[in-house]
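Here the protein sequences line up with chains R and V, keeping their order. If you're matching positions, the first sequence starts at 1 in my numbering and goes up one per residue. If you're matching positions, the second sequence starts at 1 in my numbering and goes up one per residue. Structure, as structure tokens:
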Amino acid sequence: MENTTNSAQNPEVCLTCETIDKIYPGTKALDNVSFEVKTGKVNVLIGENGAGKSTLMKIVAGIESPSNGKLYMDGKEVSFKNAAEARAMGIGIIHQELSLFPNLNVYQNIFMANEHTKNGALDNKEHIRLAEQVLAKLEYPIDPNTIVGDLRVGQQQMVEIARNLVQAGLRILIMDEPTSSLSSQEVEVLFKIINELKASGISIVYISHRLEEIMRIGDYVTVLRDGKKVAEDDVKNISVSWIVQNMVGTDKSYAKKEKNIDFSKEEVVLRAEDLCLPKRGGGWLLDHVNFELHKGEILGIYGLLGAGRTEIFECIMGMRPEHTGKFYLHGEEMKTGTIAQQIDKGFALVPEDRQREGLVQTLNIGKNISLSSMERYAKGGLINRKKESEAVKEAIKDIHIKVADATLPILSLSGGNQQKVVIGKGTLTNPQILLMDEPSRGIDIGAKTEVFDIINQYAARGVSIIVISSELKEIIAIADRIAVLSNGLLTGEFQGDEINEQTLVTASYKGHNRT
Amino acid sequence: MKNIAVKKAKSDAPSSLGMILLKGRTFIALILLFIFFSFTAQNFLNPASLLLIAKHVALYGILGIGMTYVIITGGIDLSVGAIVGLGGMIAGGLIDEGLPLQMFGVNLYFNVPAICLIVILLGALIGAFNGLIITKFNVAPFIATLGMMYVARGFAMLRSNGATFPNLVGSAELGNTGFEFWGGNVGTIPVAAIILIIIAIITAIILKKTPTGWHILSIGGNERAAKLSGVKVNKVKILVYVVSGACAAVVGIITASQLVAANPSSGESWEMNAIAATVLGGTSMAGGIGTIGGTIVGAFVIGILNDGMVMCGVSEFWQMVIKGVVIVLAVIVDQFQRNMQAKMALQQRSSK
Numbered sequence: 001m002e003n004t005t006n007s008a009q010n011p012e013v014c015l016t017c018e019t020i021d022k023i024y025p026g027t028k029a030l031d032n033v034s035f036e037v038k039t040g041k042v043n044v045l046i047g048e049n050g051a052g053k054s055t056l057m058k059i060v061a062g063i064e065s066p067s068n069g070k071l072y073m074d075g076k077e078v079s080f081k082n083a084a085e086a087r088a089m090g091i092g093i094i095h096q097e098l099s100l101f102p103n104l105n106v107y108q109n110i111f112m113a114n115e116h117t118k119n120g121a122l123d124n125k126e127h128i129r130l131a132e133q134v135l136a137k138l139e140y141p142i143d144p145n146t147i148v149g150d151l152r153v154g155q156q157q158m159v160e161i162a163r164n165l166v167q168a169g170l171r172i173l174i175m176d177e178p179t180s181s182l183s184s185q186e187v188e189v190l191f192k193i194i195n196e197l198k199a200s201g202i203s204i205v206y207i208s209h210r211l212e213e214i215m216r217i218g219d220y221v222t223v224l225r226d227g228k229k230v231a232e233d234d235v236k237n238i239s240v241s242w243i244v245q246n247m248v249g250t251d252k253s254y255a256k257k258e259k260n261i262d263f264s265k266e267e268v269v270l271r272a273e274d275l276c277l278p279k280r281g282g283g284w285l286l287d288h289v290n291f292e293l294h295k296g297e298i299l300g301i302y303g304l305l306g307a308g309r310t311e312i313f314e315c316i317m318g319m320r321p322e323h324t325g326k327f328y329l330h331g332e333e334m335k336t337g338t339i340a341q342q343i344d345k346g347f348a349l350v351p352e353d354r355q356r357e358g359l360v361q362t363l364n365i366g367k368n369i370s371l372s373s374m375e376r377y378a379k380g381g382l383i384n385r386k387k388e389s390e391a392v393k394e395a396i397k398d399i400h401i402k403v404a405d406a407t408l409p410i411l412s413l414s415g416g417n418q419q420k421v422v423i424g425k426g427t428l429t430n431p432q433i434l435l436m437d438e439p440s441r442g443i444d445i446g447a448k449t450e451v452f453d454i455i456n457q458y459a460a461r462g463v464s465i466i467v468i469s470s471e472l473k474e475i476i477a478i479a480d481r482i483a484v485l486s487n488g489l490l491t492g493e494f495q496g497d498e499i500n501e502q503t504l505v506t507a508s509y510k511g512h513n514r515t
Numbered sequence: 001m002k003n004i005a006v007k008k009a010k011s012d013a014p015s016s017l018g019m020i021l022l023k024g025r026t027f028i029a030l031i032l033l034f035i036f037f038s039f040t041a042q043n044f045l046n047p048a049s050l051l052l053i054a055k056h057v058a059l060y061g062i063l064g065i066g067m068t069y070v071i072i073t074g075g076i077d078l079s080v081g082a083i084v085g086l087g088g089m090i091a092g093g094l095i096d097e098g099l100p101l102q103m104f105g106v107n108l109y110f111n112v113p114a115i116c117l118i119v120i121l122l123g124a125l126i127g128a129f130n131g132l133i134i135t136k137f138n139v140a141p142f143i144a145t146l147g148m149m150y151v152a153r154g155f156a157m158l159r160s161n162g163a164t165f166p167n168l169v170g171s172a173e174l175g176n177t178g179f180e181f182w183g184g185n186v187g188t189i190p191v192a193a194i195i196l197i198i199i200a201i202i203t204a205i206i207l208k209k210t211p212t213g214w215h216i217l218s219i220g221g222n223e224r225a226a227k228l229s230g231v232k233v234n235k236v237k238i239l240v241y242v243v244s245g246a247c248a249a250v251v252g253i254i255t256a257s258q259l260v261a262a263n264p265s266s267g268e269s270w271e272m273n274a275i276a277a278t279v280l281g282g283t284s285m286a287g288g289i290g291t292i293g294g295t296i297v298g299a300f301v302i303g304i305l306n307d308g309m310v311m312c313g314v315s316e317f318w319q320m321v322i323k324g325v326v327i328v329l330a331v332i333v334d335q336f337q338r339n340m341q342a343k344m345a346l347q348q349r350s351s352k
């Protein structure tokens with residue numbers, strides 16, 4: 001044993017995975033993967049969905065056990081029976097899918113299973129004090145008494161991070177896509193925190209699909225493909241295209257958008273006039289917003305978290321009956337009705353959170369796709385199965401869902417393909433206006449490119465599309481025109497050459513200066 | 001490509017056999033119970049007792065079907081037992097006393113089909129109330145239907161001040177004879193069993209072949225996603241309670257007819273048998289998963305277990321203990337199966 005653990009005794013390495021296999025019946029999720037966590041460094045793990053990153057991290061965090069291979073910490077072999085044992089050894093994990101308690105408040109979540117007590121009773125004063133302290137460190141002052149379910153996804157992500165930071169004796173922190181729902185401002189804060197953690201000797205394992213981030217924050221990159229380690233190197237020796245090449249085998253990048261069509265001459269399909277949405281406790285979520293959407297146009301909506309982006313979709317879909325202002329659909333005033341009525345008017349929504357709002361996990365792939373349009377295949381009350389399955393097949397082909405059999409459970413699909421199912425459900429209703437809220441969140445580059453292709457494909461067919469995205473590069477690549485929201489205000493609208501990262505970011509902060 | 005397919009088929013083979021056994025467990029349990037009681041209970045295989053069992057199974061089955069719809073949406077309906085009692089009392093009252101219209105000074109007597117229709121509509125109406133309270137006022141289904149259970153039972157008692165309507169044969173001159181038909185047999189087959197089969201076929205078709213059915217399934221699976229997909233969640237939820245209430249009213253009619261008397265306390269705690277049949281049939285209490293066929297098998301298990309134990313002379317107290325253990329065991333095995341299935345799905349995902 002001593003021989004094989006030479007590297008593990010190296011003080012620069014605090015955890016070693018040695019020739020790990022993870023075998024599921026019929027498949028090898030991990031194939032002879034060795035991986036080192038370097039002390040006080042940001043160890044980046046990257047690969048397309050299904051490459052085995054999450055499986056490897058679950059093994060490190062004690063959630064799964066390896067079929068073969070060994071784990072060493074400080075030169076000693078370790079094996080974790082469960083997550084609690086790994087946690088006791090100082091390994092923390094921030095999951096890709098949030099694992100908070102929506103019914104409890106912020107400080108209860110932060111100190112869950114890590115409670116401070118005083119004379120045997122919960123010491124909530126201490127909890128609140130420490131929670132405020134850690135949130136202040138994150139530059140994220142949320143009231144610790146807020147119920148987590150009332151927070152937006154990005155805010156919840158911050159709570160999840162805070163929860164790991166308060167853990168005593170933290171040595172390794174695994175972050176599985178921590179920035180997928182954060183705004184660029186919040187990402188900056190997170191990076192600052194990561195640097196502080198590094199300085200205090202904590203090792204980070206960082207999984208992300210955002211390549212620019214990796215180049216900025218990472219120290220050492222390991223690339224996985226199909227369960228095998230294909231490459232590793234110091235970040236200073238590599239480039240983005242090196243990562244992409246190793247991840248996918250060939251060089252892939254976002255399809256460039258031809259931005260030479262003048263949509264201002266096209267018909268205005270949807271117009272919002274003086275759209276206002278009051279905030280609970282005063283102020284506005286949407287503050288007199290006006291915008292137009294032309295036929296076949298892709299309108300991007302960019303903004304920081306809480307800028308009011310999702311709320312625009314909620315108003316359009318009839319989920320916010322308290323909004324004021326007017327919508328005009330094809331020039332005629334539109335009263336928003338129920339969601340079902342809005343779908344009948346030609347709207348389709350691809351919601352932000354595919355697990356909570358997009359998919360029905362108990363239904364199979366096909367039924368998830370046909371859920372919104374099922375009534376169209378019914379005759380005399382009964383569903384015409386042939387018609388339905390043909391439509392589903394068509395949708396699967398149309399949006400390139402990689403699936404052998406539409407009757408398989410939805411959980412058998414990877415994140416990217418699940419997202420495509422949600423998109424397929426929307427497009428199957430033959431929408432004229434497609435509303436997409438963060439359609440590329442938490443999926444790999446390959447799937448992202450495909451999602452963008454789908455968006456372009458539908459725009460070319462004359463569907464008008466509004467895309468919300470927090471990722472600058474993506475929204476620049478996909479949108480014909482970009483509207484920027486900031487603090488409920490429309491602070492800018494850019495087109496053609498005016499679109500660049502600088503102008504968008506500047507506009508996204510404008511609304512905060514006003515008060 | 002070929003290789004992969006072969007490999008996959010091989011690795012699936014052992015686990016899928018286990019899965020088939022696991023999925024068919026209630027059915028297997030049913031067969032085992034049947035064999036067991038054939039040997040231990042003397043009169044079990046005697047046609048008269050089989051007929052009796054069939055009648056009981058039909059009652060639990062019809063209640064269970066309504067309950068299945070409700071539980072698939074993630075709800076529960078505790079009021080069905082009380083609706084059985086109230087439905088029977090309304091039917092009995094209409095036969096024995098008619099509908100007194102004081103302003104005209106006459107007593108209106110309906111014929112039996114009309115009475116049945118009135119009672120079923122009443123059950124549906126009570127269900128609609130349940131649904132409205134749950135959807136419009138956001139009351140938890142457990143509480144809303146618990147309240148309705150007391151209200152309906154109370155009205156059943158109030159109808160006759162707690163007394164029984166006896167001898168529900170009607171009279172030829174009033175034109176309301178024939179009520180006992182619903183509790184009787186056609187040839188050797190109990191009418192209740194025929195009604196069960198008809199309701200089961202209709203509800204199973206609705207559940208798996210119509211948009212409404214899939215909407216029911218989607219609401220239980222993820223209500224928010226269903227809503228955002230355009231499913232009319234409130235409408236569908238009200239509908240399932242209407243179906244449940246109507247099914248309970250049908251059972252009320254059959255029960256009163258079988259006894260040729262309406263007792264205000266009949267159907268007491270039958271909601272528990274209905275829930276048990278549903279759960280034994282593989283319907284998930286968390287919603288989103290369930291079949292009508294499963295519930296029928298569940299009703300058979302509950303019915304045979306009940307009557308078999310009676311015929312064996314098992315004391316009533318032990319019967320309760322055994323029933324309780326069986327239900328909890330069923331849910332434990334059910335959870336186990338779900339975990340296995342979820343694991344298999346995730347494995348398929350990481351195998352890509």
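Every residue, glycine too, gets a C-beta built ideally from N, C-alpha and C. Treat the numbers as computed from the prediction; the structure is a model and nothing was measured.
At a beta-carbon threshold of 7 Å, the residues of chain R lying near residue 218/V are 360, 363 and 371, ordered along the chain.
Within its own chain, the residues whose Cβ lies closer than 8 Å to the Cβ of residue 152/V, once the five positions on either side in sequence are excluded, are 79, 82, 83, 85, 86 and 126, listed in chain order. At a cut-off of 8 Å between beta-carbon atoms, residue 289/V makes contact with chain R. Residue 111/V does not reach chain R, its nearest Cβ partner there being about 31 Å away, counting only Cβ pairs nearer than 7 Å. In the three-state DSSP reduction, residue 196/V falls in the helix class (H, G or I). Of all residues in the segment 221 to 232 of chain V, the ones placed with a Cβ closer than 8 Å to any Cβ belonging to chain R are 221, 222, 224, 225, 226, 227, 228, 229, 230, 231 and 232, in chain order.
When DSSP states are grouped into helix, strand and coil, residue 109/V belongs to the coil group. In summary, no residue of the segment 184 to 206 of chain R has a CB separated from any CB of chain V by less than 9 Å.
Put simply, the CB of residue 135/V is far from chain R, with every gap to its CB atoms at 8 Å or more. When DSSP states are grouped into helix, strand and coil, residue 324/R belongs to the strand group. At a beta-carbon threshold of 7 Å, the residues of chain R lying near residue 342/V are 411, ordered along the chain.
At a C-beta separation below 9 Å, residue 214/V has these neighbours in chain R: 363, 367, 370, 371, 374 and 383. Residue 210/V reaches chain R at 378, 381, 382 and 383, counting residues in chain order whose Cβ is nearer than 7 Å.
Here residue 283/V is not near residue 293/V, since their CB atoms are 8 Å or more apart. In chain order, 158 place their CB closer than 6 Å to the CB of residue 140/R, counting only its own chain and leaving out the 5 sequence neighbours on each side. Residue 464/R is a Cβ neighbour of residue 269/R, given a cutoff of 8 Å. Contact annotation: the segment 342 to 349 of chain R does not touch the segment 207 to 220 of chain V, with fewer than three C-beta pairs closer than 8 Å.
Using beta-carbon distances, residue 339/R counts as an interface residue toward chain V, with a partner under 8 Å.
Using a Cβ distance threshold of 8 Å, residue 219/V and residue 233/V count as a contacting pair.
Taking all protein chains in view, the Cβ of residue 279/V is crowded by 16 or more other Cβ atoms within 10 Å, so the residue is classified as buried. Taking a Cβ-Cβ cut-off of 7 Å, the neighbours of residue 345/V in chain R comprise 409, 411 and 412, given in sequence order. Chain order gives the chain V residues near residue 356/R as 222, 224 and 225, where near means a beta carbon separation below 8 Å. If you check the CB distance, residue 267/V and residue 64/V do not come in under 8 Å.
If you ignore the 5 residues before and after residue 175/V, its C-beta comes within less than 6 Å of the C-beta of 111, all in its own chain and listed in chain order. From the beta-carbon of residue 425/R, the residues of chain V found nearer than 7 Å are 229. The alpha-carbon of residue 420/R is positioned some 41 Å away from that of residue 199/R.
By the criterion of a C-beta distance shorter than 7 Å, residue 402/R is surrounded in its chain by 417, once the five residues flanking it on both sides are discounted.
The contact set of residue 343/R on chain V, defined by CB atoms closer than 9 Å, consists of 229 and 230 in chain order.
CA-to-CA, the gap between residue 433/R and residue 274/V works out to about 46 Å.
Annotated as distal: residue 262/V and residue 188/V, with beta-carbon spacing of 8 Å or more.
With its beta carbon at least 8 Å from every one in chain V, residue 490/R lies outside the interface. If you draw a straight line from the Cα of residue 143/V to the Cα of residue 225/V, it is about 25 Å long. Under the 8 Å Cβ criterion, the segment 106 to 124 of chain R does not count as touching the segment 62 to 74 of chain R, having fewer than three qualifying pairs. Relative to residue 91/V, the option among 327/V, 264/V and 231/V whose CA is nearest is 264/V. Proximity to residue 20/R across 228/R, 435/R, 468/R and 367/R peaks at 228/R, based on C-alpha coordinates.
With a 10 Å radius around the Cβ and a threshold of 16 neighbouring Cβ atoms, residue 320/V comes out exposed.
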